[in-house]
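Engineer:
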Amino acid sequence: MSDSIFPPRKKRQPMELNLTAMIDVFSMIVIFLIFGTIFGATDIVVPTGLEIPKSVSKEGLDSAPKLLIHEGKVTFSLSPEVIPLSAFKAPNERKQLQLRMQPVMDQYKERRKGTAGSGSTPINLVADQGAPYEEVYDVISAFRELGFDSIYFVATGGKNK
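Residue 203 in my numbering sits at position 155 of the sequence shown, with consecutive numbering throughout.
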């Protein structure tokens with residue numbers, strides 16, 4: 049009697065997982081991660097004629113704004129302004145420079161809020177190997193006064209002796 053009320057169930061096909069699509073997605077993710085580590089955003093373009101100091105250390109380069117000292121001029125990657133080195137020596141010119149750069153610095157700090165490593169404010173310094181230490185020091189101290197507390201000196205790989 050119960051057979052007439054409930055008809056017999058049909059046999060279901062076993063479920064299959066389509067692995068081809070999943071393998072394709074995971075292979076694309078792996079390729080993306082590999083290329084992301086090789087072609088990072090930490091590459092620095094060095095102008096022709098600039099000879100960077102050599103380094104034996106194999107540390108990587110953090111992604112930070114670039115400060116370039118070359119041919120008596122300073123170029124800051126966050127500002128289109130090209131600053132003569134003399135602006136870092138005279139106290140009144142240095143104060144004017146800091147007043148012009150402070151909005152750029154504030155905007156940069158605002159963008160970095162909430163990111164990893166936002167406690168420090170780094171900058172990459174690229175200077176010509178022949179640049180006098182006094183000029184490099186003047187530039188560094190001016191940018192430290194602006195609020196950059198971590199300064200990374202960029203150098204090319206040298207030979208171990």
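All residues carry an ideal CB built from backbone N, CA and C; glycine is no exception.
Which one or two residues does DSSP pair with Lys114 in a beta bridge?
Structural biologist: Answer is Asn172.
Engineer: Alpha carbon to alpha carbon, how far is Glu119 from Ser134?
Structural biologist: C-alpha separation (whole angstroms): 12 Å.
Engineer: Taking the alpha-carbon of Ser210 as reference, which of Leu65, Gly84, Met153 and Ala69 has the nearest alpha-carbon?
Structural biologist: This structure cannot speak to residue 210, because the chain is shown only from 49 to 209.
Engineer: Alpha carbons only, please: which of Val122, Pro132 and Arg142 is nearest the one belonging to Leu173?
Structural biologist: Of the candidates Val122, Pro132 and Arg142, the one whose C-alpha sits nearest the C-alpha of Leu173 is Val122.
Engineer: Helix, strand or coil: which one does DSSP assign to Val73?
Structural biologist: Helix, per DSSP.
Engineer: Measuring only the C-alpha atoms, how far is Arg192 from Asn66?
Structural biologist: Cα to Cα, the separation comes out at about 57 Å.
Engineer: DSSP three-state label for Val202, please.
Structural biologist: Note: Val202 maps to coil in three-state DSSP.
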